[in-house]
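These notes concern the structure reproduced below.
Chains as they are written, first to last, in this note's numbering: chain A, 1 to 715; chain B, 1 to 175; chain C, 1 to 407; chain D, 1 to 102.
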């Protein structure tokens with residue numbers, strides 16, 4: 001099979017799995033997850049084959065794998081859609097396929113496959129546990145299987161389909177299609193437990209918020225297409241003349257160039273998708289979904305998709321300095337802003353959610369200062385360790401729920417970190433993998449992947465003279481290390497603070513295996529991007545990532561010379577943050593003792609309330625007013641006028657015209673005449689065939705005679 | 001008067017007399033048998049016209065099939081077979097008048113026609129009218145289409161007749 | 001030597017010469033001579049007919065392991081004359097409510113339909129009534145008259161058995177006319193003519209029963225049905241309808257039906273010989289130089305009569321060995337089997353003829369024979385399947401022999 | 001020799017007789033008998049015109065044969081109708097079969 005065919009086939013298995021599960025295997029849980037995981041394995045295998053074939057190609061950036069077909073006739077030409085794998089695509093495909101596969105596997109354990117059905121579980125609500133009786137007659141409450149188990153895998157499949165489609169697309173349109181499929185799936189998955197009002201609200205919120213970004217993105221796509229006549233990345237970026245025209249400054253509003261405007265519009269889409277300020281509000285709420293969903297959305301796929309799209313459009317973005325500034329600002333601001341909120345959160349998943357926002361801000365900021373390889377590198381490493389962290393947190397929650405079921409005290413929130421503590425003994429695998437993920441997030445020096453990627457961003461900022469960005473990001477990195485250590489300390493270290501934490505249990509292999517696999521990547525993946533001239537370590541391993549992904553662009557980005565300042569700074573902030581966090585939180589036993597429970601941070605700078613007042617409230621008010629005045633008053637009024645008026649006209653026509661003239665004169669009159677004529681002529685129709693024949697013969701004879709005598713004279 | 005003329009006159013007289021019996025005789029079986037006689041006369045007329053094929057086909061089709069069918073039909077509608085009431089309807093004299101008028105009109109029209117006294121040309125030596133007829137019937141340049149249409153008509157009539165005359169009750173009782 | 005070559009013409013010329021010598025106009029003399037010829041022919045036929053009665057009785061006796069007539073004359077040869085005398089002196093009864101004219105007309109028509117067949121039978125190349133160019137159709141046309149005579153007899157007798165018999169017989173005859181016409185068309189295709197002489201001549205060197213054995217078989221079956229003889233004797237069916245359409249007839253009127261039937265069978269034996277077995281030809285023997293003396297008018301006549309007797313014997317053979325077939329089976333046999341088969345054969349023959357007519361006679365003959373063989377094989381195969389299915393319908397699915405044996 | 005007019009007048013007579021039968025007979029079967037007579041009259045004309053015209057042109061005979069076919073079809077359907085009517089109405093008198101009227 002050629003590589004191109006294989007690329008076409010990558011998105012297919014999850015889509016097929018979706019239809020198979022929805023249409024046929026819905027009733028059978030084992031079959032459903034077999035189909036789903038099998039599809040993920042197939043896609044993963046195909047992706048790996050494609051990835052390694054891509055590795056073996058020299059100068060893949062100039063000769064990527066491309067294949068396209070005619071799709072939509074547009075006048076004389078065709079709009080072509082197709083697939084393309086260049087170095088960036090290959091790198092993204094690598095981590096996407098692995099994380100998706102891991103998440104599929106993890107879901108099997110997370111949804112308690114193999115456990116009995118719940119005592120009073122209902123569809124749309126998380127499972128509440130089942131009572132079983134063991135051989136000694138003791139009754140236990142054990143976790144129960146998710147009631148909508150099959151549906152979950154179907155949604156996951158569709159989601160994976162969207163992501164793969166997005167990654168392998170060679171044009172903006174199919175990328176957007178995959179983007180929107182993911183938007184739908186995130187809605188479905190966040191609202192998976194639709195029985196919970198909060199989940200419903202979160203699903204709507206996520207959908208509506210990302211929709212704002214998507215509208216702008218669609219505008220950007222439309223503008224791009226109207227200007228260039230194509231949406232294919234290579235065709236646009238490979239056309240230097242076109243790029244030059246687009247780069248002409250000051251032709252549109254705000255003094256932006258066309259390229260800048262398009263890039264800005266597309267970037268707004270990313271802001272929505274990757275949850276950048278000011279459209280970040282949906283992401284923390286999205287934690288209402290099952291934890292694999294959180295990992296899927298916030299680590300592996302959807303938020304990565306936003307960054308991926310910006311990286312894809314980087315050649316266009318880099319044409320306008322003003323847009324770059326905007327991007328850099330938003331990224332930097334988001335990084336520090338989300339990090340401060342994360343410090344004050346108590347929910348284990350929410351901390352990670354804000355952490356994600358913050359890290360995405362890092363990437364966006366890196367793009368804004370032109371460090372696009374660093375952004376891609378951080379994207380990949382972040383995907384691995386953040387997926388690890390989310391799955392780890394899911395594992396923790398799962399263990400805590402076990403404890404909750406054991407004690408039967410349902411008032412204890414299994415996600416609140418202050419209810420945990422000392423879990424490292426109960427859940428050793430989860431602890432160690434979580435520790436690896438947390439250290440990678442913090443940028444623990446030398447060992448972890450996060451260190452290398454984050455260091456590269458800081459180094460880029462320093463080297464390119466973006467001092468404000470550098471300082472802000474350094475601060476954010478410090479905060480990251482701090483809240484990560486806070487999380488680890490509160491969760492795993494010390495002694496159990498509740499009975500539930502005492503009874504927490506390690507999770508099954510389907511959940512721990514993905515953790516272990518991902519932790520390998522969370523450490524090892526950083527080593528492919530060690531700068532060449534790093535002291536001691538530089539050169540031990542080739543700086544492969546830089547070489548490979550850097551080849552995506554026409555001009556290879558220059559390698560930044562080594563500088564000790566950013567290295568020192570990142571060492572200090574990472575180690576300092578970790579140390580401070582451990583020192584402070586090992587003594588904190590409850591939320592009240594926590595100094596950082598600042599109301600402003602706790603309430604996320606009141607953004608939700610502000611949006612409620614500024615946007616949502618007015619819209620609802622307007623809708624109500626419109627209903628009352630415009631609809632009920634004006635439109636109904638008009639209708640109420642027309643009703644009687646029509647009735648009156650109808651009555652007039654009926655009584656004065658229809659009844660006397662049409663009915664009585666024309667209608668009845670004609671009928672009467674016809675009837676009378678018929679009655680008169682009726683006896684002629686005797687029904688006797690011979691009389692008819694005789695009559696016609698007589699007529700024939702008469703006519704013949706007449707003809708003969710009148711015309712015969714002339715014959 | 002030649003022999004042929006005498007033969008023709010005798011045949012024509014017998015044929016017309018039989019035809020008259022067909023339309024006037026009371027007994028319908030006799031009418032059908034008289035019809036057979038008439039048809040024989042017509043067959044002889046064909047033979048006189050050197051149309052041997054038509055003569056034989058006349059016997060096969062008309063006497064062998066149609067006349068038999070008539071006799072069957074008369075027997076199947078047996079109530080009328082011994083019907084001693086009037087066999088002509090009340091307006092029969094108008095019919096007779098019309099028939100006479102028709103005959104008169106036809107003869108009158110023929111009277112003024114130049115071709116009336118044409119005599120038949122000799123049959124060409126070696127001319128086989130059956131071969132010519134066969135060629136004409138199946139030659140694409142001649143009459144293959146009317147011939148085929150006629151065959152389809154026959155088939156349709158066959159199916160239609162079976163359907164119309166089929167008695168579902170008796171059909172059931174046999175099973 | 002003319003007497004050996006063309007005796008009929010010689011006799012006619014002599015007669016006409018004689019009569020014109022008496023002062024008769026030539027036309028009248030010709031007519032009288034022709035009438036005399038017909039008279040003589042009929043007289044001979046009637047004598048043959050008498051011996052046919054004897055033959056039939058003798059043969060059926062042998063079939064039934066009896067001796068048959070043996071008292072009167074040598075081998076009982078005088079017996080048929082005694083029968084005739086008995087029929088002649090019997091009382092001639094006409095039923096009271098019978099339709100007298102029709103009643104008396106029917107046996108005459110019956111006999112006539114047989115006798116006029118002899119107008120076209122070529123006893124030798126020049127010994128025949130008329131070499132009609134539509135002779136094959138003529139055979140069917142006379143059959144129509146026979147049909148008419150039977151329905152007249154059945155109806156006019158005013159007897160329900162007679163009417164029923166007539167109905168059944170007529171239904172059979174009208175039905176079997178169709179395969180008969182189709183099978184008559186096959187010699188027509190093969191010889192390119194409907195004339196009896198042309199058909200006879202076309203059978204040198206290969207008689208048509210080799211070119212088209214199926215057609216010969218179909219013609220034989222249709223002829224037996226047309227004759228109303230067992231196993232197709234629907235009209236008489238002694239055990240069910242007493243004697244069918246001729247139940248009310250007695251004396252010589254019955255004799256005419258009876259003699260007509262026998263003569264009819266003999267005639268069809270002759271036609272079978274003419275149409276499929278080379279007529280008056282001796283299968284090409286007479287064309288051999290060494291046997292040229294066989295190419296002789298009298299040998300020709302003898303040949304045809306022997307062939308006719310053999311045909312008649314086969315018809316008798318069938319009659320006295322087969323059981324009567326039920327009327328619905330018979331009509332179904334015709335409409336669902338014989339008619340489609342004869343049409344298929346007609347189509348196949350026409351196709352093969354169109355394809356192979358320019359080839360050598362031997363290739364032509366071989367391809368005709370093979371096509372008949374193939375069609376026959378298909379039919380037999382089809383029949384085998386059908387009868388097995390019917391049997392299984394009655395007896396349930398047949399068990400394979402091995403299983404039944406307990407293996 | 002026989003002039004053409006003899007055949008034509010003979011055919012006209014046959015036709016008129018048939019017409020009378022069609023118009024005057026009460027029995028539906030008899031009406032069909034009349035129709036047969038008329039068809040035969042037409043056929044005589046066709047054959048006669050063939051013989052007295054160009055003999056090589058077979059149009060007259062061909063149409064006579066087609067008339068045979070039509071006659072057979074007409075008789076088959078007509079008699080089937082008569083029998084069908086007889087079954088349901090128990091009559092074959094044409095005047096009594098007058099359901100199709102006002």
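Glycine included, every Cβ here is placed at the ideal spot set by N, Cα and C.
A quick note: this is a predicted structure, and the numbers were derived from the prediction, not measured.
One finds 98, 101, 102 and 105 in chain B with Cβ atoms closer than 9 angstroms to the Cβ of residue 701 of chain A, taken in chain order. Among the residues facing chain B, residue 144 of chain C is included, as its CB has a counterpart in that chain under 8 angstroms away.
For the C-beta of residue 57 of chain D, not a single chain A residue is nearer than 8 angstroms; the gap to the nearest is close to 28 angstroms. Of A:316, A:662 and A:286, the smallest CA-CA separation from residue 353 of chain A is found for A:286. Distance between residue 471 of chain A and residue 376 of chain A, taken at the CA atoms: about 21 angstroms.
About 5 angstroms separates the beta carbon of residue 179 of chain C from that of residue 218 of chain C, a gap short enough to meet the 8 angstroms contact definition. Using a Cβ distance threshold of 8 angstroms, residue 63 of chain D and residue 41 of chain D do not count as a contacting pair.
Against chain D, the CB of residue 653 of chain A has no partner CB under 8 angstroms away; the residue lies outside that interface.
Non-local beta-carbon contacts of residue 262 of chain C in its own chain, meaning distances under 7 angstroms to residues more than five positions away in sequence, involve 49, 52, 53 and 56 in chain order. Of C:31, C:21, C:193 and C:307, the smallest CA-CA separation from residue 130 of chain B is found for C:193. In this structure, residue 83 of chain A keeps its C-beta atom at 8 angstroms or more from the C-beta atom of residue 179 of chain A. Contact annotation: the stretch 82-96 of chain A does not touch the stretch 107-114 of chain A, with fewer than three C-beta pairs closer than 8 angstroms. Counting only runs of at least 3 residues, the stretch 167-199 of chain C fully encloses no beta strand (DSSP E) element at all. Of all residues in the stretch 675-694 of chain A, only 690, 691 and 694 come within less than 8 angstroms of chain B when Cβ atoms are compared, listed by chain position. Counted as a single uninterrupted DSSP element, the alpha helix (DSSP H) harbouring residue 95 of chain B occupies residues 92-111. Short of 6 angstroms from the beta carbon of residue 205 of chain C, and not among the five residues preceding or following it, lie these beta carbons of its own chain, in chain order: 284. The C-beta distance from residue 269 of chain A to residue 191 of chain A rounds to 22 angstroms, too long to meet the 8 angstroms contact threshold.
Here the C-alpha atom of residue 43 of chain A lies approximately 6 angstroms from the C-alpha atom of residue 13 of chain A. Using a Cβ distance threshold of 8 angstroms, residue 420 of chain A and residue 342 of chain A do not count as a contacting pair. Under the three-state reduction of DSSP, residue 82 of chain A is assigned to strand.
In this structure, the straight-line span from the alpha carbon of residue 513 of chain A to that of residue 102 of chain A is close to 8 angstroms.
Following the DSSP letters along the chain, one finds residue 14 of chain C inside the alpha helix (DSSP H) bounded by residues 7-21. Taking C-beta atoms as the reference points, residue 487 of chain A and residue 438 of chain A count as a pair closer than 8 angstroms. Distance between residue 25 of chain D and residue 700 of chain A, taken at the CA atoms: about 21 angstroms. Residues of the stretch 1-18 of chain D that bring their beta carbon within less than 9 angstroms of a beta carbon in chain B comprise 1, 2, 3, 4, 5, 6, 7, 8, 9, 10, 11, 12, 13, 14, 15, 16, 17 and 18, in sequence order. Between residue 100 of chain A and residue 40 of chain A, the gap from beta carbon to beta carbon is short of 8 angstroms. Here residue 303 of chain A is not near residue 335 of chain A, since their CB atoms are 8 angstroms or more apart.
Under DSSP, residue 140 of chain A shares a beta bridge with A:132. In this model, residue 77 of chain B and residue 144 of chain B are separated by some 39 angstroms (Cα to Cα). CA-CA distance, residue 10 of chain A to residue 234 of chain A, rounds to 21 angstroms.
For the stretch 111-140 of chain B, there are no residues whose beta carbon sits under 8 angstroms from a beta carbon of chain A. Residue 339 of chain C: member of the alpha helix (DSSP H) spanning 339-356, first to last residue. By the Cβ rule, the stretch 138-151 of chain A counts as touching the stretch 26-35 of chain A, because three or more pairs are nearer than 8 angstroms. In the DSSP assignment, residue 326 of chain A falls within the alpha helix (DSSP H) that extends over 321-343. Against residue 96 of chain D, chain B offers no close residue; the least beta-carbon distance is about 11 angstroms (beta-carbon pairs closer than 7 angstroms).
Close partners of residue 697 of chain A in chain B (Cβ separation under 7 angstroms): 98.
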